[in-house]
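Residue numbers (my numbering), protein chains in the order written: chain A, 1 to 341; chain B, 1001 to 1371; chain C, 2001 to 2491.
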Amino acid sequence: MRLFETKQLGEMAPATKIVVYGLLGLWTLIVLFPLYWVVVTSLKLPIDVANGPVYLPFVDYWPSLHAWKYIFVDIGLDTFRPYLNSVIVAVASTCLAMAIGSLAAYGLSRFSFRPRLVTVIVFILGIAGAIVIVARFGVDWRLAVAAALALIIIASRALQKAPSPHLSNSDVLFWMISQRILPPVVAAIPIYVMFQQLGMLDTHAALIVTYTTVNLPIVVWLMHDFFMSIPRDLEESAELDGASRIRIFVEIILPLALPGLIATALLVLILAWNEYLLALFLSTARAQTIPLLVSAQNATRGPQWWYMSVLIIIMILPVILLTLVLQRFIAKGLLLGAVKG
Amino acid sequence: MRQAGSETFSEWLDRYSGRLFVMPAVLLILAFSIFPLIVSAWFALSRFKLAAGGYDIRFVGLLNFRKLLIGSEQYHFLGTFVPKSTLGWLAIVVVAAFIGRSAFLYARSGRITVFGLLGRTIAYAVFGSLVWLLASTIGRGGQLGSLGTTLFYVCCGLALQFTIGTALAWICAQKIRGRTFFRVVFFIPLMVTPVGIAYTFRMLADMTVGPLAPIGQVFGFGAFEWATNQWSARLVIMLGESWQWIPFIFIVMLAAFESQPRDEVEAAELDGASTFQIFRDITWPAVAPIAATVALIRMIEAFKIVDLPNVLTNGGPGISTESLTLHSFMQWRALDLGASAAVAYALLFVSTIFCVSFFNFILEPLRRTRQ
Amino acid sequence: MTGTWFAKRAFVACSAVVFAQVAQAGEFDGVTINIMTFTGPQIAEPLQRRAPDFAKLTGAKVNVITVPFSDLYQKLLTDWSTGTNSIDAGVFAPQWMVDYVTPGLLEDLSERVAKDTAIKQDDIAPFFREFSQKFNGKTYMLTLDGDFHMAYYRADVAKELGLEAPKTWDDYLAFAKAAHGKDMNGDGKPDFGSCISKKRNAQAYWFIYDLIGPMVQSKGTSQGAFFDTTDMKPLVNNEAVAEALRLYSETTQFGPPNEINLDVGDTRTLFISGQCALSLDWGDIGSLAIDKEKSKVIDKVGAIITPGSKRVLDSASGKLVDCTADTCPYAKDGINHAPLAAFGGWSGGINAKADPKVKDAAYAFFSYMSQPEQSNVDVTIGASGFNPYRLTQFQQLDNWTKAGMSEEAAKNYLGAIQDSLNSPNMILDLRIPANQRYQQIVLDTAVARFLAGEIDAAATMKAIEDGWNEITDELGRDDQLAAYKSTIGAK
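Structure follows, in structure tokens:
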């Protein structure tokens, strides 16, 4: 990263130095104080919390491990299960999203797609028709979907000759990205109904598929920019040697894109790890994830701050460790593609 | 035989590899966007009622939207109207002039297309009416609805996060000691689950038993309660949201500043340009497209704000901190699915207009000028 | 706490003998019951704690599934109404019953209850037995917890100030005013006169009815406090509600500065840490106040029936009139009390579409939880979240003294409960279809806006009236009226 020489610290005027470090110190305090507060709260008895602020364990109050004991021993199994669920769901959906998303991003950066507007419209009308039929007339949904697909194929064949504007790669890309705009609250109920029909409610699979889809736009967006910034000469020579597209992608492109992949994966992992609203809809018992457990500590007796703090700590820790390990990739990789514009 | 078969297959694979690469993503997104969108639209146009044997859904046309715009939920969605103040009129005039200028430039550009014209008309209409709305609901006796509150979170929050995030990134891009430390520390808030942040801020913002209570008492505003005043309550929620999202802007802008070529800067330094001049004339133009991208990503996410108001204030005092997602979520909790979907659709409409306009009017021109 | 724990164990051992009457050992071998309630520790705690014993007795495995409180209503309803049926039974509020009974989602338990001798229905307070568990005359839920509002005051502060326990809302305000700003827990800081949960989208919409209730309903439960039983006209735009709103906003003056953002969990914490002279709550403060780990007000708490009113609404004119033998038949000393059975007490209901064997097992479990041997212990444990609802629970003081209450305090607490429960003028919480929209959306939002100063009293009343009428008309006025009359037992 030593592409350039910056001013050495010594060159800064002392006054500037004080201001700069003052600002950085202040912001460090702003970032760390809430976390410090969470840590000390996890060591407090309820009565220490209710009687006004105490700041320093051993000095202000006597720390107690009661909350830790409650979370790890008393309800240990009930903590472990959602925790494991969160790990499974976050890791699996991140891997899936990265695989599907970077494939799509690569495809969009190297091939040209020209879907016809007419086909798209026919498709949407077909699906809408199927939904109306199922909803209004109680037709079995499998039948309706099959019929709609058949009609869509027939109609698009028939309209093949009809003049229609074409969409371009950037339209497809923008369409994918725009899915991120969709507020979860719009999609939550239909997605619930969909998984209910498939008998997949409260399963890991449902959450994994949903998170994969929700995070796909981010992967596609970031990785597309990244792939665009990779020069094509290497691929062209490999193609002349007769390598298949898949091999080129796996053996040449992916290693080059590694920093970007890691940074993007970390971001997606964090989003999946912390997701709350969709998990609330889609899981009841078996697939409950840890953010639900955090919010559930706010019960009729008021928020159980001490338990909640323990949960928040055990939620952040693995992500912080991961970030420490991967930190050299983050700044380098994240949006390097976008940096190249 | 086998050899030939597998060759044909790999040939076939290679021929269609472009489509095969993109297809899984397209199918997934289709299933999770088109289908929910249509079903939600149908909810928004009907009334949901529990009835014998399950539930009953009756088509009611635009009733749910009428309620939001001119009916009993108007105060909740749009706000309470009061006569506009001088400042309000001023804002309207400024924005009208701005829209007029933009339309005039577009008309003269000679690159008018059907879609472009349509898009611009919608965007102008939406922005014009939103400014009109804000001008008529902010002021003595007026009250922002959930729409106005969401816009406050998005616009003011974005401005704050962007300023602080960029400033921190710029400082950290200078060669200072402990950069790695600051980089990791500043990234941390992004990792905390939003629900956790919401509860943490509820602890911190408690003015009787929270850590800031003594400070408040020292400065003599111990009796001041942020939760009882609509603007201070909104501000606290915006600050909590900013705490989490400044790291995102920080980390991206840091990458942008670091990858910027140094020779130009050094040449300018030799010419005796001030730090501010260098930033304005060299650094900023180079990073502007990334800045716009990161602002867009942040804007998209900001429209969905729900956890913080839900946990900190439940939307109170009154309705003043209620965001659109929370509004929709509360209706849904009471099983008023029609009203819930209608609010959600309104949110989708506004956020799409904002994000698409931002993309077309700000991000794309920036990218073009740079290329 | 350990003392009560052993006591509980002893009880479980004894109860095994009694319980054998209804369920034989191993009767439900291999049966798993999925029961949903909200994430505790309250309510879920006793269910989880007693599940292993129940498994030993009958062989049935009880799975307690918990979701956040605010999502319980729709989570259960969506699971059952969409036919997912992954949940066999729920412990939830009987207030929601109508939304479950109308679509036929809840199992009718009348026959099972009639055959069950161990559950001792006669021992359950009549209000819960006759109103709370039933809909249209049939029993759909088993009460596990007694829920209604009471007022709590600091007995030591009252003595110091030379004040009586408040009887009317004017007394309440006077008490709050006198106590406000005094240091009541010895930390050197001024404390508050009155702590009422006024946070939006929490419990505030119930507390406002503690004030409205006694001014609107005076002729018994079946008069109704929400709607006119002749034409479903909301009883919310009149002098009584205006007066209630005035009193309500006046209590804010003597509350903590952030009272508008406190939910009932916060006010409880404040009260038991000694920072409030008065509070409104369910029965919980009584058992929490004796928790040695959390409480600073052990044996300093007095409980009373929620304050009443000397004037009541004349619904024809919309004006307040003085209480007479005619207008307030149930008044004591000229004061009309109308305790509010808010929420209705956590109760168990069974999914009508569950497997028959599972239904039987679920019934056996709820019956087991409700039987005096279990329930008499559970209601004395603060963490259980269960409040008394059986007659013996008021009469036998020893359970309470064992749990750490002084005899005097126990008498006072149980006396207040008895006063409220015996009142023929108790207000049944709103139970008509879509009651969540009437209360949590319309009423709650309007009152929150009033407290935040967004709208004045007149506009608040009009907002509630219009909002309620709109929902009523949307769902069908006649249907709603019929439902309302049948829930409160009006003719």
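For each residue, glycine too, the CB sits at the ideal point set by N, CA and C.
For residue i versus residue j, is the C-beta distance shorter than 9 Å?
i, j, result
"L1168/B", "G1240/B", "no"
"G2385/C", "P2046/C", "yes"
"L277/A", "Y192/A", "no"
"G2283/C", "I2464/C", "no"
"M223/A", "L261/A", "yes"
"N2258/C", "M1207/B", "yes"
"A2225/C", "A2457/C", "no"
"A2490/C", "S2222/C", "yes"
"V1350/B", "L1069/B", "no"
"G2344/C", "A2051/C", "no"
"G1165/B", "M1253/B", "yes"
"A1213/B", "P1317/B", "no"
"L1050/B", "S2086/C", "no"
"K1997/C", "G2334/C", "An answer regarding residue 1997/C cannot be provided, because it is not within the stretch 2001 to 2491 covered by chain C."
"E2293/C", "L45/A", "yes"
"L2077/C", "L1335/B", "yes"
"S42/A", "I313/A", "yes"
Tell me, please, which residues DSSP counts as bridged to residue i.
i, result
"R2390/C", "I2124/C"
"P2234/C", "F2227/C"
"F1059/B", "S1046/B"
"G2349/C", "G2090/C and M2141/C"
"L1144/B", "G1079/B"
"I1959/C", "Past the edges of chain C, shown from 2001 to 2491, lies residue 1959/C, and the structure says nothing about it."
"H166/A", "R116/A"
Counting only the same chain and skipping the five closest in sequence on each side, list residues whose C-beta sits under 8 Å from that of residue i.
i, result
"I18/A", "none"
"N2034/C", "N2063, I2065, S2086, I2087, D2088 and A2089"
So which residues on chain B does residue i lean against when the C-beta distance must stay under 8 Å?
i, result
"L2077/C", "L1050 and L1335"
"T2472/C", "Those do not exist, as T2472/C stays about 13 Å from chain B at its closest Cβ, beyond 8 Å."
"T212/A", "L1028"
Run through chain A and tell me which residues come within less than 8 Å of residue i, C-beta to C-beta.
i, result
"A1213/B", "G52 and P53"
"G2059/C", "Within 8 Å Cβ-Cβ: nothing; G2059/C doesn't reach chain A, min ~21 Å."
"K2294/C", "P46, I47 and A50"
"D2187/C", "N51 and G52"
Using a Cβ cut-off of 7 Å, pull out every chain C residue sitting near residue i, in sequence order please.
i, result
"L280/A", "D2071"
"R1111/B", "Chain C residues near R1111/B: none, gap ~48 Å exceeds 7 Å."
Ordered along the chain, which non-local residues of its own chain (more than five positions away) have a Cβ less than 7 Å from that of residue i?
i, result
"V2101/C", "F2135 and Y2140"
"L2363/C", "Residue 2363/C is actually Tyr in this sequence, not Leu. Cβ neighbours of Y2363/C beyond the five flanking positions: L2109, R2112 and I2350."
"R1298/B", "L1158, Q1161, W1245, F1248 and I1249"
"Q2042/C", "A2383, S2384 and G2385"
"G2029/C", "The amino acid at residue 2029/C is misidentified as Gly; the sequence shows Asp. Closer than 7 Å at Cβ, skipping near neighbours: G2059."
"S2273/C", "N2185 and K2296"
Which bits of chain C does residue i rub up against, with CB to CB less than 9 Å?
i, result
"S164/A", "The premise fails here: S164/A is roughly 40 Å from chain C at the closest Cβ pair, so nothing lies under 9 Å."
I want to verify the contact list: residues of chain C whose CB lies under 8 Å from the CB of residue i, in sequence order.
i, result
"S295/A", "P2068"
"L292/A", "V2067 and P2068"
Can you list the residues of chain B that residue i reaches, using a CB-CB cut of under 7 Å?
i, result
"G101/A", "A1025"
"I121/A", "What I121/A touches in chain B: nothing, since even the nearest Cβ is about 12 Å away."
Mind pulling the chain A residues with CB within less than 9 Å of residue i?
i, result
"P1309/B", "Within 9 Å Cβ-Cβ: nothing; P1309/B doesn't reach chain A, min ~13 Å."
Leaving out the 5 sequence neighbours to the left and right, which residues in its chain are closer than 6 Å to residue i when beta-carbon positions are compared?
i, result
"Q2021/C", "In this prediction, Q2021/C scores a pLDDT of 46, lower than 50, which makes its location untrustworthy; the coordinate-derived value is nonetheless stated afterwards. Closer than 6 Å at Cβ, skipping near neighbours: A2118."
"M2369/C", "L2144"
"P1189/B", "W1243, Q1244 and P1247"
"S1328/B", "S1340, V1343 and A1344"
> What are the complete alpha helix (DSSP H) segments, minimum 4 residues, inside the stretch 2146-2187 of chain C?
Replying inline: 2155-2161 and 2169-2179
>> My parser needs the beta strand (DSSP E) runs of 3 or more residues fully inside the stretch 2058-2109 of chain C; what are they?
In response: 2061-2067 and 2089-2092
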